[in-house]
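Working notes, beginning with the structure itself.
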Amino acid sequence: MNSEPIIIERTFNAPITKVWKAITDKSEMRNWYFDLSEFKAEVGFKFQFLGGEDGGKQYLHLCEITEVIDGKKLTYSWKYDGYPGNSFVTFELLEQGDKTILKLTHEGVESFATAGPDFTKENFVEGWTYFVHSALKKYFEESN
Numbered sequence: 616m617n618s619e620p621i622i623i624e625r626t627f628n629a630p631i632t633k634v635w636k637a638i639t640d641k642s643e644m645r646n647w648y649f650d651l652s653e654f655k656a657e658v659g660f661k662f663q664f665l666g667g668e669d670g671g672k673q674y675l676h677l678c679e680i681t682e683v684i685d686g687k688k689l690t691y692s693w694k695y696d697g698y699p700g701n702s703f704v705t706f707e708l709l710e711q712g713d714k715t716i717l718k719l720t721h722e723g724v725e726s727f728a729t730a731g732p733d734f735t736k737e738n739f740v741e742g743w744t745y746f747v748h749s750a751l752k753k754y755f756e757e758s759n
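The numbering of the sequence shown is the working numbering, which starts it at 616 and goes up by one.
Now the structure itself:
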């Protein structure tokens, strides 16, 4: 079983404050991520949302914020209601002049191996690649 974390990195032509807001403000997150009813970048805050492939089965995601370094790092647990496994998603930001490097790491996806074909590492890579390289990129292009 491959326990290497998924790492997706991209540089955005946006200041670090704008990128931080995009990953921590629920009204901004709805523009590129999931339709969250509540979200606070505070350790211990729990949130949930439905997600899955368009037209496919939707899964209830259960998450809890585990680490916040304001403006730099956000980590939360990531699991599914009714399915085995638990993982952690981390967003790290690094200022590079007037641009921002975003590094997303998803650790522990192998813990979902017995949950079914929708939970393969390849599916997680595909999903995070879409969010970072397409949805978030488009969000910044349209909000400039």
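Glycine residues also receive a C-beta, built at the ideal position from the N, C-alpha and C atoms. If you're wondering where the values come from, they're calculated on a predicted model, not measured in any experiment.
Check, Outcome
"T705 (DSSP reduced to helix, strand or coil)", "strand"
"Close Cβ partners of E657 (< 7 angstroms) along its chain, the five nearest in sequence each way excluded", "I680 and V683"
"Supposed contact pair N701 and G723 - C-beta distance, whole angstroms, cut 8 angstroms", "6 angstroms"
"Cβ pair F706, I638 closer than 7 angstroms", "yes"
"Own chain residues within Cβ distance below 8 angstroms of Y674, not counting five before or after", "L665, G666, G667, Y695, D696, Y698 and D733"
"For T690, the first and last residue of its enclosing beta strand (DSSP E)", "K688 to Y695"
"Cβ pair count under 8 angstroms reaching 3, the region 621 to 628 against the region 705 to 721", "yes"
"Chain-order list of residues whose beta-carbon lies under 7 angstroms from that of H676 (same chain, five-residue window excluded)", "Q663, F664, G666, W693 and Y695"
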